[in-house]
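Step one of this worksheet: look at the structure below.
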Amino acid sequence: MKFKSAIKPYHAAAGGWGSLEATTRFVIDSKHALKNLRNLMRMNKAKGFDCPGCAWGDDNKSTFSFCENGAKAVTWEATSRFIDHAFFEQHSVSKLYQQSDYFLEYQGRLTEPLSYNPQTDHYEAISWDDAFKLIAQHINALDNPDQMELYTSGRASNEASYLYQLFGRMVGTNNFPDCSNMCHEASGSGLKRSIGVGKGTIHLNDFDKANAIFVFGQNPGTNHPRMLHSLRHAAENGAQIVTFNTLRERGLERFADPQKPLEVVTPLAGNISTYYYQPNLGGDMAAIRGMAKALLETHRQQLAQGHAGIFDAQFIAEHTQGVEAWFAEIDNTGWEHITQQSGLTEQQLRDAAAVWQQAERVICTWAMGITQHKHSLNTVREIVNLQLLGGHLGKEGAGLCPVRGHSNVQGNRTMGIDEKPSAALLDSLAAHFDFEPPRARGHNTVEALAAMLRDEVKVLIALGGNLAAAAPDSPRTEEALQRCGLTVHISTKLNRSHLVPGKAALILPTLGRTEEDMQASGRQFITVEDSFSMVHASEGIGKPIADTQRSETAIVTGIAAAVLGCEKVDWRALADNYDLIRDHIAATLPGFKDFNQQCEKPGGFWLGNAAAQLRFNTPSGKAEFSAAPLPESLFGELTAPFVLQTLRSHDQYNTTIYGLDDRYRGVYGQREVLFINPEDLSALELHDGDLVDIETIWNDGITRKVSGFKIVPYNIPRGNLAAYYPETNPLVPLTSVGDGTGTPTSKSVPVKISRTASVADNRIA
Numbered sequence: 001m002k003f004k005s006a007i008k009p010y011h012a013a014a015g016g017w018g019s020l021e022a023t024t025r026f027v028i029d030s031k032h033a034l035k036n037l038r039n040l041m042r043m044n045k046a047k048g049f050d051c052p053g054c055a056w057g058d059d060n061k062s063t064f065s066f067c068e069n070g071a072k073a074v075t076w077e078a079t080s081r082f083i084d085h086a087f088f089e090q091h092s093v094s095k096l097y098q099q100s101d102y103f104l105e106y107q108g109r110l111t112e113p114l115s116y117n118p119q120t121d122h123y124e125a126i127s128w129d130d131a132f133k134l135i136a137q138h139i140n141a142l143d144n145p146d147q148m149e150l151y152t153s154g155r156a157s158n159e160a161s162y163l164y165q166l167f168g169r170m171v172g173t174n175n176f177p178d179c180s181n182m183c184h185e186a187s188g189s190g191l192k193r194s195i196g197v198g199k200g201t202i203h204l205n206d207f208d209k210a211n212a213i214f215v216f217g218q219n220p221g222t223n224h225p226r227m228l229h230s231l232r233h234a235a236e237n238g239a240q241i242v243t244f245n246t247l248r249e250r251g252l253e254r255f256a257d258p259q260k261p262l263e264v265v266t267p268l269a270g271n272i273s274t275y276y277y278q279p280n281l282g283g284d285m286a287a288i289r290g291m292a293k294a295l296l297e298t299h300r301q302q303l304a305q306g307h308a309g310i311f312d313a314q315f316i317a318e319h320t321q322g323v324e325a326w327f328a329e330i331d332n333t334g335w336e337h338i339t340q341q342s343g344l345t346e347q348q349l350r351d352a353a354a355v356w357q358q359a360e361r362v363i364c365t366w367a368m369g370i371t372q373h374k375h376s377l378n379t380v381r382e383i384v385n386l387q388l389l390g391g392h393l394g395k396e397g398a399g400l401c402p403v404r405g406h407s408n409v410q411g412n413r414t415m416g417i418d419e420k421p422s423a424a425l426l427d428s429l430a431a432h433f434d435f436e437p438p439r440a441r442g443h444n445t446v447e448a449l450a451a452m453l454r455d456e457v458k459v460l461i462a463l464g465g466n467l468a469a470a471a472p473d474s475p476r477t478e479e480a481l482q483r484c485g486l487t488v489h490i491s492t493k494l495n496r497s498h499l500v501p502g503k504a505a506l507i508l509p510t511l512g513r514t515e516e517d518m519q520a521s522g523r524q525f526i527t528v529e530d531s532f533s534m535v536h537a538s539e540g541i542g543k544p545i546a547d548t549q550r551s552e553t554a555i556v557t558g559i560a561a562a563v564l565g566c567e568k569v570d571w572r573a574l575a576d577n578y579d580l581i582r583d584h585i586a587a588t589l590p591g592f593k594d595f596n597q598q599c600e601k602p603g604g605f606w607l608g609n610a611a612a613q614l615r616f617n618t619p620s621g622k623a624e625f626s627a628a629p630l631p632e633s634l635f636g637e638l639t640a641p642f643v644l645q646t647l648r649s650h651d652q653y654n655t656t657i658y659g660l661d662d663r664y665r666g667v668y669g670q671r672e673v674l675f676i677n678p679e680d681l682s683a684l685e686l687h688d689g690d691l692v693d694i695e696t697i698w699n700d701g702i703t704r705k706v707s708g709f710k711i712v713p714y715n716i717p718r719g720n721l722a723a724y725y726p727e728t729n730p731l732v733p734l735t736s737v738g739d740g741t742g743t744p745t746s747k748s749v750p751v752k753i754s755r756t757a758s759v760a761d762n763r764i765a
C-alpha cells in the first residue's frame, strides 16, 4: 500500500469523529466488514470475546464496549487475507526480511504449519504431527532442560498459559521469559516489596469515587483508550486529574466520546487533566519526592501548631513500617536535586502536592513511562510511599493502579508464567500433579537472549509475540534467535521473528481471540485477567479462516503430548475440554475456587487482593515504606546531550503496525521521525524536516545507530527526545536494564544526534 506522508498538527480532541472515521476505515479494509461489525458488537460483552488489545477493565454498561484501537485489533485479526505455503514459494525469507513490519502483517493470517528449509531459504508446509515430532526430537536431545526457553506474549489465555508453564516445569525448567519482563516488571516487583502483592488494588468503579487521580507516564489515548472514559467520568464527577507525562499528549488533554453523537459532530469535548506537568525522562521519582517533601513540610508545620498533621497517622502506625527512614531520606534530598532531575519547578511540585493534600480519596495510576528506567522499581515504590501517607489503600475511590499493556499479561503471571516462581506455586503443582518441579530461578527475557548469544540455548518456543521486534538491541536479538537449534513461533500473522529463524524453525498458525474454538467436547471458551484482577470468560464467534489452524491450547497440549506423553497428564483430554484445565487451575492456584462456575458470572469475577483488604504479605506483615535515595544520574558516569524514549504510534499496538499514521501527534504516512523540542532544534542548527542519525552513547564499544530520521518539533522538554519502536529498538543496549527488574531501559536511552550526511539538505518545503 502507498501512504501519503505529512506532518500537520492535530487540533481536535482525542476520540470524536477522528476515532469513528478511523474505526470505519479499518473495518472496511479488513474485507470482512459485516463480520467485523458483528464482532465489535460482541467484544467485551457477556458471551462474547475479550478485546485482544489492552488490559483495561470492562464497565459492562456501554452499548459499544470497544475503542478505536480495539476495533483495529479485531479487524486486523479478522481479515480475509491469508498466507499459506504458496505464498512462501513466491517469497524467500531473505527477501521478506527486507520488507517493513507493516507489510509483513498486512499479508494476512497464517493458515498452515510451516517449516524452514535453510537450503532453499523458504518456508514449506509441514503436517501438525510432523511439527510436533520435530519439536519433541529437539527437546529430548537437550543436554539439560535449561537449554530451552519458553517465551510468552500477553495475548495468551489463562488456560494456554497454565498448561505452558506446567509443560515447561515437567520438562524441568523455569526459563519463562515473557513480555512482562520487558514492560511491567517494575510494577509487580515494586508492589510486592511494598505491599506484598504485585497487582493494583482498585476496582474500575473506584475512578467514579476518587477526589484526585495522579496519572504518571502513560498515554491512554493511544495505548488504552477506554481509560479515557474513566478519566472523563471522574473529571465530570469533580475529581482533579494531575498528569505527569514528558510529551504533551492529546488524549490526556481533551476527549470527545465517540459514543455520544453530539460530541462526534460538534466541537464539544471534555477536559481530562486539571494540571499537566512534563517531567524529564526518568524524572518522575524526583517529582514524587518533591511532592512528598512539600507535604512533609506542611505536616510538620501543622504538628508544631498543635494540629493533627495532614498524614493518616493511625493508618501509618497500624499498617506500615519504615516511614521515619523515608522521612530522613526526604530531608537529605535537596530541592536543587529534585528540580534538576525532575525538570519541574518547586512551585509546580508544591501545587501538585496541594491537590493530593486536599483530596480525601486518591488514585495513582501509571504505565511504561514509569517502568522502563534503571530506577523504575524505586519509582514505583515511591508512588506507593505517597499513597501510604494518606492511607489511600483499602477504601473506595483510592488505591494503586498499574496499567498493564497486552490483554492478558497480568493473567499470564497469575497462571505461573514467571522465571522466579514462588515456593507456594511449585509446592502446589508438585502435590497436585505428583512431580518435582525445578526450584532454581530461570531466565527473564534479556537473560534468555544473552544465553542464546552464548550458545547455551538450543530450543526457543514462543507462545505468541514478536520477540525479534519487541526486544532491545535488535541486531543482537536477531543474532540470538538465529543461534538457536530450533525456533518455534505460535502466531496468527507473519512477523519479524519468523524471518530470523534458528537452524531449524517452525511457524504454527493459531486461532485469534475473535474466532470460534471447536474441540471434541464442543465449543470452548477461554479466560483472561484485566488490570483490575477481574477474570472474564472470552468466547470467539467468527469462523476460522482455515481448518488447519489450531487454538493455542491445542498447540501447547500437542507439543506436551509429543514430548512427555500422556501418562502423568492426559494432555489430549485437556485439549478436548477446557473445563478440565480450569479444574486443575482451581485445584492449584488461590482465588480460583469453583472456577468453571465463576466464569458464568456476567462481567467476570474478582480474584481478590490482600493489600486492598489491608493484609500485607511482606516479611513484616505491614506495608513497607521505601527509603531509596534519588539516583545521582540516570546513566552513572556517562553523559549524553539527549535522552531518548521509544514509544508507540497511534496506528500501532505493541509491535503490530496497523498503519503509518500517528494522528494525535500529527504524523501521517511515516514512522522514522524524531520528536524534539524546538529550542533544541535551533541550538543544533537543524530545521524542521531535516534528516538525522541517532547514535547511542554507551560503554561497551558497540556502535548502535539508526539513520535518516525526520526531525519533528514537538511539545517536549529540552534535552528529551522520542521516536517509535521497533524502529529505534537497535539503540537500546541489551545490557542497560532496570535495577531489580531486568527490564530494558527503553524510556531512557542516552543518545546524540547529527545530520544525515547523504541527505544533509533534505527539508520539508
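Numbering (the UniProt record's numbering), first residue to last: 1 to 765. From the three backbone atoms N, C-alpha and C, an ideal C-beta is built for every residue, glycine too. Predicted, not measured: the structure shown is a model, and the values here were computed from it.
* For the segment 671–688 and the segment 698–716, state whether three or more C-beta atom pairs, one from each stretch, are separated by less than 8 Å. => Result yes; three or more Cβ-Cβ pairs closer than 8 Å.
* Residues near I555 in its chain [Cβ-Cβ closer than 7 Å; skip 5 each side] -> The residue you call residue 555 lines up with position 555 of the sequence shown. For I555, same chain residues with a beta-carbon under 7 Å away, outside a window of 5 residues either side, are I490, L508, T510 in chain order.
* To do: Give the DSSP-derived three-state secondary structure of R615 in the structure shown.
  => Here residue 615 corresponds to residue number 615 of the sequence shown, with the count starting at 1. In the three-state reduction of the DSSP assignment, R615 falls in the coil class, being assigned neither a helical nor a strand state.
* Three-state secondary structure (DSSP) at residue 779? -> Look at the range of the chain in this structure, 1 to 765, and you will see that residue 779 is not part of it.
* Where the beta strand (DSSP E) through G283 begins and ends -> To locate residue 283, count along the sequence shown from 1; it is residue 283. G283 -> no beta strand (DSSP E), and no H or E assigned at all.
* Asked: Among S474, R483, H584, which residue has its Cα nearest to the Cα of D455?
  -> Position 455 of the sequence shown holds residue 455. Nearest of S474, R483, H584 to D455, Cα basis: R483.
* Could you give the residue range of the alpha helix (DSSP H) that holds K95? -> Mapped onto the sequence shown, residue 95 falls at position 95. Unbroken alpha helix (DSSP H) run through K95: 93–97.
* Backbone secondary structure at L400 - three-state DSSP -> In the sequence shown, residue 400 corresponds to position 400, counting from 1. In the three-state reduction of the DSSP assignment, L400 falls in the strand class.
* Asked: Between the Cα of N715 and the Cα atoms of E685, K705, P678, N729, which residue gives the shortest distance?
  -> As a position in the sequence shown, residue 715 is number 715, starting the count at 1. Comparing Cα-Cα distances from N715 to each of E685, K705, P678, N729, the minimum goes to P678.
* To do: Please classify E685: does DSSP put it in a helix, a strand, or coil?
  => Counting from one through the sequence shown, the residue named residue 685 turns up at place 685. Three-state DSSP puts E685 in coil, outside helix and strand.
* Asked: Identify the residues that DSSP records as bridge partners of H138: which are they?
  -> Your numbering for residue 138 matches position 138 in the sequence shown. The secondary-structure analysis by DSSP pairs H138 with nothing; it has no beta-bridge partner.
* **Contact under 8 Å by Cβ, D547 with V732** => On the sequence shown, position 547 is the one that residue 547 refers to. On the sequence shown, position 732 is the one that residue 732 refers to. With respect to the 8 Å criterion, D547 and V732 are not classified as neighbours on the basis of their beta carbons.
* Under 8 Å between the Cβ atoms of L163 and L574? -> Within the sequence shown, residue 163 is the residue found at index 163, counting from 1. Within the sequence shown, residue 574 is the residue found at index 574, counting from 1. Note that the C-beta distance between L163 and L574 is below 8 Å.
* To do: Could you say if the segment 632–646 and the segment 378–393 meet the contact criterion of at least three C-beta pairs nearer than 8 Å?
  => Result no; under three Cβ-Cβ pairs closer than 8 Å.
* Asked: Is it buried or exposed for E159, if we count other Cβ within 10 angstroms and need 16 for buried?
  -> Stepping through the sequence shown from its first residue, residue 159 is reached at position 159. Per the 10 Å Cβ criterion, buried.
* Could you check if K129 is buried or exposed, using at least 16 other CB atoms within 10 Å of its CB as the buried criterion? => Residue 129 sits at position 129 when you count from the first residue of the sequence shown. Note on residue identity: the sequence assigns Asp, not Lys, to residue 129. Answer is exposed; the Cβ neighbour count stays below 16.
* Asked: Looking only at its own chain, which residues have a Cβ that is under 8 Å from the Cβ of A610, when we skip the five neighbours before and after it?
  -> Taking the sequence shown and counting its residues from 1, the one referred to as residue 610 is at position 610. These residues qualify, in order along the chain: G196, V197, F616, N617.
* **Beta-ladder partner(s) of F214, from DSSP** => Locating residue 214 in the sequence shown gives position 214, counting from the first residue. Bridge pairing for F214: V242, C364 [DSSP].
* To do: State whether the segment 395–405 contacts the segment 513–527, with contact taken as three or more CB pairs (one from each stretch) at a distance under 8 Å.
  => Contact between the segment 395–405 and the segment 513–527 is absent, because fewer than three Cβ pairs lie under 8 Å.
* To do: Find the nearest neighbour of A353 within the set R289, S342, A313, judged by alpha-carbon distance.
  => For the purposes of this step, residue 353 is taken as residue 353 along the sequence shown, with counting starting at 1. Measuring from the Cα of A353, the nearest candidate turns out to be R289.
* Asked: Nearest to T120 by CA position, among L686, K95, F311, is which residue?
  -> Along the sequence shown, one-based indexing puts residue 120 at 120. Nearest option by C-alpha distance: K95.
* Asked: Who are the near neighbours of G669 in its chain, counting only those whose CB is closer than 8 Å to its CB and skipping five residues on each side?
  -> The residue you call residue 669 lines up with position 669 of the sequence shown. Excluding five sequence positions before and after G669, the CB atoms of its chain that fall closer than 8 Å to its own CB belong to F3, K4, S5, A6, L660, D661, given in chain order.
* Taking Cβ to Cβ, would you say I310 is nearer than 8 Å to T274? -> In the sequence shown, counting from the first residue as 1, residue 310 sits at position 310. In the sequence shown, counting from the first residue as 1, residue 274 sits at position 274. It is not a contact, given that the beta carbons lie outside the stated cut-off.
* **Separation of D700 from T745, as counted between CA atoms** => Position 745 of the sequence shown holds residue 745. Position 700 of the sequence shown holds residue 700. Cα to Cα, T745 sits roughly 16 Å from D700.
* Cβ-Cβ distance between C183 and T743 below 8 Å -> As a working note, residue 183 is residue 183 in the sequence shown. As a working note, residue 743 is residue 743 in the sequence shown. Cβ atoms of C183 and T743: closer than 8 Å.
* Taking only the alpha-carbon atoms, compute the straight-line gap between V265 and T345 and give it to the nearest angstrom. => For the purposes of this step, residue 265 is taken as residue 265 along the sequence shown, with counting starting at 1. For the purposes of this step, residue 345 is taken as residue 345 along the sequence shown, with counting starting at 1. With a pLDDT of 46 at V265, under the threshold of 50, the modelled position of this residue cannot be trusted, and the question is left open.
* Asked: Distance, Cα to Cα, L494 vs Y97?
  -> Position 494 of the sequence shown, counted from the start, is the residue given in the question as residue 494. Position 97 of the sequence shown, counted from the start, is the residue given in the question as residue 97. Roughly 11 Å between the two C-alpha positions.
* Label K568 either buried or exposed according to how many other C-beta atoms from any shown protein chain fall within 10 Å of its C-beta, with 16 as the threshold for buried. => The residue you call residue 568 lines up with position 568 of the sequence shown. Per the 10 Å Cβ criterion, exposed.
* Asked: Measuring CA to CA, which of T222, Q549, V323, L295 is closest to A71?
  -> Along the sequence shown, read from residue 1 onward, the residue named residue 71 stands at position 71. That would be T222, whose Cα lies nearest to the Cα of A71.
* Asked: Secondary structure at V355, three-state DSSP: helix, strand or coil?
  -> Along the sequence shown, read from residue 1 onward, the residue named residue 355 stands at position 355. Reduced to three states, the DSSP call for V355 is helix.
* Limits of the alpha helix (DSSP H) - the one that K622 falls within -> Working through the sequence shown from its first residue, we reach residue 622 at position 622. Premise fails: K622 is in no alpha helix (DSSP H) and is neither H nor E.
* Asked: According to the neighbour-count rule (16 or more other Cβ atoms, all chains shown, within 10 Å of its Cβ), is K293 buried or exposed?
  -> Walking along the sequence shown from the start, residue 293 turns up at place 293. The residue in question, K293, is buried, as its Cβ has 16 or more Cβ neighbours within 10 Å.
* Asked: Secondary structure at S758, three-state DSSP: helix, strand or coil?
  -> As a first step, residue 758 is located in the sequence shown; it is residue number 758 there, counting from the start. Of the three classes helix, strand and coil, the one that applies to S758 here is helix, per DSSP.
* To do: Have a look at Q305 and H687 and give me their C-alpha separation to the nearest angstrom.
  => Locating residue 305 in the sequence shown gives position 305, counting from the first residue. Locating residue 687 in the sequence shown gives position 687, counting from the first residue. Between the C-alpha atoms of Q305 and H687 there is a straight-line separation of about 57 Å.
* **Under 8 Å between C-beta atoms of N140 and V459** => Taking the first residue of the sequence shown as position 1, residue 140 is located at position 140. Taking the first residue of the sequence shown as position 1, residue 459 is located at position 459. Contact flag unset, no.
* Beta-carbon spacing of F207, S230 below 8 Å -> Position 207 of the sequence shown, counted from the start, is the residue given in the question as residue 207. Position 230 of the sequence shown, counted from the start, is the residue given in the question as residue 230. At a Cβ-Cβ threshold of 8 Å, F207 and S230 count as neighbours.
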